[in-house]
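Some notes on the structure that comes next.
Protein chains: 6
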Amino acid sequence: MEKDRHTQETSCRRDAGRSSSFRAHLPEIVDQIVRSCENRQCCHHTAYEPIPSRESVIEIVEGLRDVIFPGYFNRNRMDPVNLKYMLGQSVSGLYDMLAEQICRSIRHDCFRYEKPCMKCEEQGQEIALALFRSVPDIQAMLSADVAAAYEGDPAAASEDEIIFSYPGIFAIMVYRVAHRLFEFEVPLLPRIMTEYAHSITGIDIHPGAEIGTRFVIDHGTGVVIGETTVIGHNVRVYQGVTLGALSLPKDAGERLRGKKRHPTIEDDVIIYSGATILGGDTVIGRRCVIGGNVWLTASIPPDTRVLMEPPKLVYR
Amino acid sequence: MEKDRHTQETSCRRDAGRSSSFRAHLPEIVDQIVRSCENRQCCHHTAYEPIPSRESVIEIVEGLRDVIFPGYFNRNRMDPVNLKYMLGQSVSGLYDMLAEQICRSIRHDCFRYEKPCMKCEEQGQEIALALFRSVPDIQAMLSADVAAAYEGDPAAASEDEIIFSYPGIFAIMVYRVAHRLFEFEVPLLPRIMTEYAHSITGIDIHPGAEIGTRFVIDHGTGVVIGETTVIGHNVRVYQGVTLGALSLPKDAGERLRGKKRHPTIEDDVIIYSGATILGGDTVIGRRCVIGGNVWLTASIPPDTRVLMEPPKLVYR
Amino acid sequence: MEKDRHTQETSCRRDAGRSSSFRAHLPEIVDQIVRSCENRQCCHHTAYEPIPSRESVIEIVEGLRDVIFPGYFNRNRMDPVNLKYMLGQSVSGLYDMLAEQICRSIRHDCFRYEKPCMKCEEQGQEIALALFRSVPDIQAMLSADVAAAYEGDPAAASEDEIIFSYPGIFAIMVYRVAHRLFEFEVPLLPRIMTEYAHSITGIDIHPGAEIGTRFVIDHGTGVVIGETTVIGHNVRVYQGVTLGALSLPKDAGERLRGKKRHPTIEDDVIIYSGATILGGDTVIGRRCVIGGNVWLTASIPPDTRVLMEPPKLVYR
Amino acid sequence: MEKDRHTQETSCRRDAGRSSSFRAHLPEIVDQIVRSCENRQCCHHTAYEPIPSRESVIEIVEGLRDVIFPGYFNRNRMDPVNLKYMLGQSVSGLYDMLAEQICRSIRHDCFRYEKPCMKCEEQGQEIALALFRSVPDIQAMLSADVAAAYEGDPAAASEDEIIFSYPGIFAIMVYRVAHRLFEFEVPLLPRIMTEYAHSITGIDIHPGAEIGTRFVIDHGTGVVIGETTVIGHNVRVYQGVTLGALSLPKDAGERLRGKKRHPTIEDDVIIYSGATILGGDTVIGRRCVIGGNVWLTASIPPDTRVLMEPPKLVYR
Amino acid sequence: MEKDRHTQETSCRRDAGRSSSFRAHLPEIVDQIVRSCENRQCCHHTAYEPIPSRESVIEIVEGLRDVIFPGYFNRNRMDPVNLKYMLGQSVSGLYDMLAEQICRSIRHDCFRYEKPCMKCEEQGQEIALALFRSVPDIQAMLSADVAAAYEGDPAAASEDEIIFSYPGIFAIMVYRVAHRLFEFEVPLLPRIMTEYAHSITGIDIHPGAEIGTRFVIDHGTGVVIGETTVIGHNVRVYQGVTLGALSLPKDAGERLRGKKRHPTIEDDVIIYSGATILGGDTVIGRRCVIGGNVWLTASIPPDTRVLMEPPKLVYR
Amino acid sequence: MEKDRHTQETSCRRDAGRSSSFRAHLPEIVDQIVRSCENRQCCHHTAYEPIPSRESVIEIVEGLRDVIFPGYFNRNRMDPVNLKYMLGQSVSGLYDMLAEQICRSIRHDCFRYEKPCMKCEEQGQEIALALFRSVPDIQAMLSADVAAAYEGDPAAASEDEIIFSYPGIFAIMVYRVAHRLFEFEVPLLPRIMTEYAHSITGIDIHPGAEIGTRFVIDHGTGVVIGETTVIGHNVRVYQGVTLGALSLPKDAGERLRGKKRHPTIEDDVIIYSGATILGGDTVIGRRCVIGGNVWLTASIPPDTRVLMEPPKLVYR
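Residue numbers (the numbering used here), protein chains in the order written: chain A, 11 to 326; chain B, 11 to 326; chain C, 11 to 326; chain D, 11 to 326; chain E, 11 to 326; chain F, 11 to 326.
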């Protein structure tokens, strides 16, 4: 009986969840982390200004998808009658969010690097407006991208299937939006957008890249398209393709920022899976076909087909 | 004083958030997007019929995982006593959702391509029922897949660890479900399912592929398994492996739809990371081992081990 | 009129949603799945004990990111004044969650493998405490990782951009936390953590790997770093790099568990995209540069640059 | 040591959460509840038809509030430019929901009482359409209600304050909507609506009551307005006022269903808090003032002021 | 120009959101609240033990409603086939939650009042089990309550309408459950339950009251039924009825705790709106009818009809 | 067969959900509502400025409850060690929200009534700061309220029960906070707060009332305390008590705004359920006891007990 009570008390005390040891150390833990932040220059962000919100950026990207491909992903039923209302309502809300995130991105840079005033609020509003005015252009480009994907892919049962489920088209859509913001020199935001698409699709397109119409990425996982890449029209790229920079010195960051470091791919090129094309001076000429796993650091003339030599069989 | 008020007014007006410029342009922006939709054939979906909902499909996939691997991912505690109730309740709810999404997928095709009536509701109900009747079979196959993964992977501490955390097993589970729906000729839905798994795991298995028992994908990122691939029993595949089609002409979409374009992998084959095997006539014989990064477009006889030749060192 | 009513009734009955066929089969479906679970040894988890919750683990990982990089991802505004409070509150809540999940992981093993008592609750509390006491160390390492990433990447506009959006830094953060738990021999949990990062980033680092400071992963999709890999300081790795085990016999799981099976990478090494380095005895010496797509199964002396031979062009 | 382990095991077993006793009884508990349902005629609802969803009805009511009082409760910013879009989008979504809930309500009656076909779907659509066409009328009435509330209440600082926070105006709004549906003879739904308002405000207006313009309820808690009440224009009612039926025989339900049982209140009447007015033949004439706590079961001629006699003081 | 920049900077600084004044005072504010808590005996609850969670209690109440009235409020469709599964799954989950909340309530008392061990966990499990075993009894009582409500209320179109929307039946349901827990001497929990119903319905029934079958509360707002009230079978009560205690001395709390302080209502009594009946010795005999607004502090013999005298009209 | 297809088509068309009639009328419906808004002066709020958000106000009220009664309602465990952190974090977040809502409330008035600049942002920050600096005072008052409630209520098992579940203490808490904001002349916000409490508790306290310490409201449903009421210390009030204004002329709103219209209750008074006390000149002297249902419009000297005369029994 007495024993029973003792057991119970023990269990009750144990159940308290936080060991006395934790309670004793908590203030010290907190102080150490605070001090650790104070001692570091980077990697904490305890400023008086609100910073861009990754969550809001994701909401913007998803909302833009509903505007660009209306009817596919909306929760509410869309028909020709309420299309206009849906668009008006979505654009209004997205404009507010986008203007604020652009403003925060500019202000963040402004404060952190002690730049002169960049009129962040005005810029946020103007750039957001400009983006929405270009939505029909973006839609036209994406329609061409979808059509090209359908034409070249026997596994696609319909264009709807591509829009519903192809990671490539999602990555390209996010790139096309982020690229506009990049052109307006919005900091941070374009990259947060494309890295969101990267995490969903495994396709990593830097918003600085320049990409023509009818661009297709098939399967897509592992594709990397670097910041200064230039891609023509009607280009098709498969999974695992890298359009990257040549081997960089360890201090490349500072020295090469803004230089052309990634290749140029001309019109009508196909690049098969796993191929790697590197270097700012590398140009892949029109109508070239680059075979799978090929590794290139030099230019290729037009109409060339570059293939790996077949491997040798080793019997064991 | 007077000045103060002025400043404040400025700030208040500025805070209004939406620039007058935006307000002036909104109706025009909306009208342009509407017109842009009207002018395009594809890429908008403003129909009178509800279309498949990507969100519901994801909910179905996650729900099926709880039914197939009961107790691992459920929020509520599962024990031998309430297993039956959980299953009954989950299957009821999932059946309703699945029947509706199948119906919508069929009806979508029916309307868009002006097919004759396909009895979408009846088919939705029948196919959903058939799928749930085959759950024990799917479970048996997945148990074998898990066992095979555990036997061959020294890094796996337990079968539970594999079920909890291995992307390969999730991708295979989704494939095995989607493949059943593909066999019932359900449009759209199977691909939305496998592309969901693709976005989570980086593993892209087309629901049309045919894959035997004890299938293992290790690490998995970048794996691509094409629509007409045939894979035997007891096959193991590593990250970055492509089982794909040979280089396609630009208009391949229409011409090759439904043709065998992807390879056949016989029983007991291992394919190491980065290997690429292409072509509908390519057959990898039983017990072959395909080394990492190998690129194959022709058949390999049984019991062969194909390796890359070792690279030459270049000192600089 | 009469006809109208008939039609309506039909439609009403049809709308019931669940076909009578489904209702007739539901009990049988449930019983078969129950029996299917009873017959299998693995792949169901209907135990009396709560098991680790994948959802909680994800919440812990996201919460730790807020503690480690304060101010970047928090929903609430962070400034130097409330930093301390945010940390104290977050650490308290995360400690409770982490202690419980550690406890569940240990207990799960304990019950499933009928081990003697492992004092799971006490261990859960002690290990969680130890982890939080090491947060400043983890922060210091991650600051160095961020600095190294910035120095070597011309595409990075700022260190903030890296923290906000680079998948590599997220994967390394999760690894550094999971590795601590791995060192404390916590089962299941560390792997669930790193596989969560894998699904977000496409980067698969086993929590058992040992990785030095200033570690950089660029782009990252497809990177695999095996359980017994050892990586020195100042190493930079690109997308698609595999640090793996040599070809394994089919029953490798049991025989090789715990053995050194993955390579050693010494300080200051750079490994370009798509390279594969395999084997527990393989050592890549200091200051080596391993070129893209290179496939290595043997050691390389320090200061070596290993490149693929350039492919031969095949004109067609 | 041995003891320690024993304690731990006990605690682990105890922690399992569900006593073996519960597990032993669960099937029996379930079977008994199932049998209990089978034995009762009412109080369970396990039909093949979906029934009205209380959650959806609440969503409809809240959505209608946003349409009727645009800009007060919407999450998104509303301005003269996007008003139209917000309305179009909201009305589209609410129409779908309302049509479905009306359909379900009609069908529910149809099936439960084995009525002939009532064309539930068509009726759902027609009535929902009719309701939305009458929104401007409802708005006009509510504007008059708000104006009357403001004119008579010195505690109201503005009409906005009334719309934002007065329970009376919310209850009247819900009544005005529900009354329309009641006039269309929609079963169930109108009452679920007004009882939702009742739970929020403590004001219980039966949807069958007929109430003129410029109706004001101040404070409101405890107000009851019965099904066959008729209220003229410009009437003001305070908290705790009952407009009810005379004492009913125990079997009143069946006998009096549909009879006029509640009073008639003519134009310009004020009824102070706690007053009770009962009976279908009771008429309160124009411009009457009914004092607080007064209890009336007979008609009062116009222009009468009815007061309680002052209480006698009892000193103790 | 220069001026512009200045303005902008001002606005940027101002936008920081938290005034420097707030930042300067935050630590002091926090310390003062902490000290304020330390100085007070009550009104803070910073214990090492988890306390009952109001949120969980609400979830339990809503979940029990789904079990007791199956099919009315469930999100998922309920039909005769899946009723059993829904019940099994719901009861399992609710049992876990209820057992934990009972345990916490008992332990809370145990610790706060330094009672000897009360075996809180065992009691939690036993009482939760007992409650679920009595669900069929509770259902039978509530079916009788619903039937009585329907028989006496001409405004009720169906029993379904009563279950869907009548606040009285919700308050009685919660009371009948809470009363069981009160009988098991569970502290805190029963009252949190009935006060939740109070906040939804305006009906305040103390869980200690004893109430017979076929109990009806119509409209209900303002009803108060005190702790030691005894109510027979077939009693009907209207809005604003108080069954309370006589005027209490200021220190009544301690002296009268547990004494019979509230009236006894015998079978077949009707009490109209606003009536007040006070005192532990007051007995309202069988078949009495108590008129609206009547105020009683003494017993009434059976078969009596007690009415207010009609008020005198005062013309002004 | 042919017939079958026809039927199906019908059903498919019917399923489209939105009748063609609705689609035809939607633009007209929208335009009419827009015009209806344009024609009315009040009842729409389509301004360029954000207005107070009812949702945020509710979040603020719930958050303040966690700060004022720490540990009772928080989701996370609270113990003496993390109390400080929780408070710091909560106060920081609530300050931001409160400052913004105060600012919006002031600006709303400013714009709508075209007042001169009221420095809304500065005021928002200053008033929010002042409120948080007075939290210890508010806590002290509420502790006294809780203690008084416990002393006088035999049904209260503990002070914790009062805090957890008594609606009176919630309403008083919200009043005490809102009253501070009212004293700072914040428009709109205080009333939205107290009306939120009104909807939860049925207790309607105007934020303008002045109420002393040790105030108790028992049961509470239907209590109304008007704007210019003055209540001394140690007053106890029961359900259904009205402290209101005398009968108002129809145009009272404008003429009496801000005048003393509600009674004064001196120290140590008890007012039983249903009593009504009206008029700005009515003073209830110290230590009075006002009986249930009493109706008073004139002052009562101290130490008086006012009771209703007992009703006459009418036998029928």
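Beta carbons: idealized from backbone N, C-alpha and C, even for Gly.
Item, Value
"Length at least 4, wholly inside the region 250-322 of chain A: the alpha helix (DSSP H) runs in chain order", "262-266"
"Neighbour list for B/Asp214 in chain A, Cβ cutoff strictly below 7 Å", "His229 and Thr231"
"CB contact check: F/Asp155 to chain A, cutoff 8 Å", "no"
"Residue range of the alpha helix (DSSP H) that includes F/Val44", "Ser30 to Asn49"
"Span separating the alpha-carbon of B/Gly222 from that of B/Val247", "13 Å"
"Proximal chain C residues relative to E/Leu36, where beta-carbon distance stays under 7 Å", "Val91 and Asn92"
"Counted within 10 angstroms of its Cβ, other Cβ atoms place C/Ser31 as buried (16 or more) or exposed", "exposed"
"Closer than 9 Å at the beta carbon, the chain A residues around F/Arg33", "Asp89, Pro90, Val91 and Asn92"
"Outcome for C/Asn49 when other beta-carbon atoms lying within 10 angstroms are tallied against a minimum of 16", "exposed"
"Cβ shell of A/Val145 (< 7 Å), same chain only, five flanking positions each side left out", "Val77 and Ile78"
"Opening and closing residue of the alpha helix (DSSP H) in which E/Val101 lies", "Leu93 to Arg122"
"Closest by C-alpha distance to E/Ile213, when choosing among E/Ile179, E/Glu220, E/Gly242 and E/Phe194", "E/Ile179"
"Sheet register partners of F/Arg246 (DSSP bridge)", "F/Val226 and F/Ile280"
"Local Cβ density within 10 Å of D/Arg28, reported as buried at 16 or more and exposed below that", "buried"
"Closer than 8 Å to chain C by CB, A/Lys125", "no"
"Coarse secondary structure for A/Arg24, derived from DSSP in three states", "With a pLDDT of only 39 at A/Arg24, under the threshold of 50, the placement of this residue in the model should not be trusted; the figure read from the coordinates follows. Correct three-state label for A/Arg24: helix."
"Buried or exposed (CB count within 10 angstroms, at least 16 for buried), B/Gly218", "buried"
"Beta carbon of B/Gly290 nearer than 8 Å to that of B/Thr307", "no"
"Distance cut-off 7 Å: D/Ala150 Cβ against heavy atoms of the ligand HEM", "In the structure on display, the ligand HEM does not appear, and there are no ligands present to speak of."
"Chain B contact for C/Asn303 (CB, 8 Å cutoff)", "yes"
"Proximity below 8 Å, CB of E/Glu237 to CB of E/His272", "yes"
"Any chain E beta carbon closer than 8 Å to C/Arg28", "yes"
"For E/Val77, the three-state DSSP class (helix, strand or coil)", "helix"
"Straight-line Cα distance separating C/Arg87 from A/Pro60", "6 Å"
"Spatial neighbours of E/Phe142 in its chain, beta-carbon cut-off 7 Å, leaving aside the 5 residues before and after", "Val101 and Tyr105"
"Helix, strand or coil at D/Glu195 according to DSSP, with G and I counted as helix", "coil"
"8 Å Cβ cutoff, B/Tyr82 in contact with chain E", "no"
"Cutoff 8 Å: E/Val251 Cβ touching any chain F Cβ", "no"
"Cα-Cα separation between C/Glu65 and C/Glu205, rounded to whole angstroms", "13 Å"
"Chain F within 8 Å of A/Val316, Cβ atoms only", "no"
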